[in-house]
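Below: one structure, written as structure tokens.
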Amino acid sequence: MFIGYLKSDFEENLEELFTQNPLLDISLLKQTYTVFPEYCFAAYEKTKIVGVLSAYVFEKYVYVNVLEVIEKYEDVFTRLISLLLKNIPNENVVLLVENKKSIKLMELGFKEFCNFKRMTHSGEAVAFNFSNSTAKQVSGEHYDEVSKRIDKKVFHQNREDYIKKDCVFSNSLKLSTMHGFLHSYVVNKRFIKISPWLMDSEAFIDAEKLLRGVLYYRGLKKIYAYAPANEKEIIELYQSYKFKIDGDFKLMYLTELPDIKLENLYGL
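Numbering follows the working numbering, with no gaps: position 189 of the sequence shown is 189.
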């Protein structure tokens, strides 16, 4: 087995990983490889990729945004993380992992920041009104200025390149009001991902409008998002529109506690 930098022809060698996890975010992996190829790694069994990791560099930490390993290659998970840490000494690292994998990260020195739930909408019909007036209110006319302002308030760093370019895809749907923004994109022919979704404090009416918007425009496919588990109002908003909890996750960090306002973070 070879574990090292991700090779440029990786897309054709991800079939087994995708079969294991249909939520494998190949679009995000490709985008991150374009921006930060030096922080993208893979484990190869001959030409087949049995584990992959990509990381995006922000001002205050390096965020692992894709990490998937075929289950029978358990040690590859730790080896990929260790390889990343070897290439970015003295940097804080943040990542979201399933609860069952958090123990391996703790063994490498990671600490728990908070719990997240994966919220998934199956495409089941939800009765709500979505008028032309509502459509105009969430049209995204002020998306750039609203997203810049709120993202900085929530994450306490400048993530403008990420918001405007590096998490945007040809199939992105940008919705916003003056008090929040919601970005969604096509992961594959079955799934839509909400990421990111951020709101001003107490902007629950606007948050509901944005959720109705993404369901109205994207509702024929399954939609999922990661929401902070202890923010009751956020979880209940998803559930009121027939999203169900289908996974428990932990946001973990290596050296310094991330400064994130979870009450404003509706979708990571």
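Note that CB positions come from ideal geometry on N, CA and C, so glycine has one too.
| Query | Result |
| --- | --- |
| Return the Cβ separation of residue 17 and residue 6 in integer angstroms, given the expectation that the two are a contact with Cβ distance under 8 Å. | Between residue 6 and residue 17 the Cβ distance is about 12 Å, and since that is not below 8 Å, they are no contact. |
| Alpha carbon to alpha carbon, what distance is there between residue 126 and residue 55? | 36 Å |
| Ignore the nearest five residues each way along the sequence and tell me which others in residue 213's own chain have a CB closer than 6 Å to its CB. | 138, 175 |
| For residue 181, does the three-state DSSP call read helix, strand or coil? | strand |
| Ignore the nearest five residues each way along the sequence and tell me which others in residue 109's own chain have a CB closer than 7 Å to its CB. | 254 |
| Buried or exposed: which applies to residue 220, given that a residue is buried once 16 or more other Cβ atoms fall within 10 Å of its Cβ? | exposed |
| Could you tell me the boundaries of the beta strand (DSSP E) in which residue 4 lies? | 2 to 5 |
| Would you give the residue range spanned by the alpha helix (DSSP H) that residue 162 belongs to? | That residue, residue 162, is in no alpha helix (DSSP H); it is neither H nor E in DSSP. |
| Taking residue 26 as the reference, which of 93, 147, 203, 51 has the closest Cα? | 51 |
| Would you say residue 215 and residue 182 are within 7 Å of each other, going by their C-beta atoms? | no |
| Which residues mark the beginning and the end of the beta strand (DSSP E) in which residue 115 is found? | 111 to 121 |
| Would you call the stretch 228 to 245 and the stretch 138 to 150 touching, i.e. three or more CB-CB distances under 8 Å? | no |
| When you compare only the Cα positions, how much space is there between residue 68 and residue 81? | 11 Å |
| Going straight from the alpha carbon of residue 1 to that of residue 184, what length do you get? | 36 Å |
| Taking all protein chains shown into account, decide if residue 128 is buried (16 or more other Cβ within 10 angstroms of its Cβ) or exposed. | exposed |
| Check for me: the alpha helix (DSSP H) holding residue 238 runs from which residue to which? | 232 to 240 |
| My assumption, with CB atoms under 8 Å, is that residue 112 sits in contact with residue 252. Please give the rounded CB distance. | 6 Å |
| What residues are listed by DSSP as bridge partners for residue 244? | 120 |
| Do you know offhand how far residue 205's Cα is from residue 180's? | 10 Å |
| Tell me whether the beta-carbon of residue 267 lies closer than 7 Å to the beta-carbon of residue 196. | yes |
| Using the Cβ count rule (16 or more neighbours within 10 Å means buried), how would you classify residue 151? | buried |
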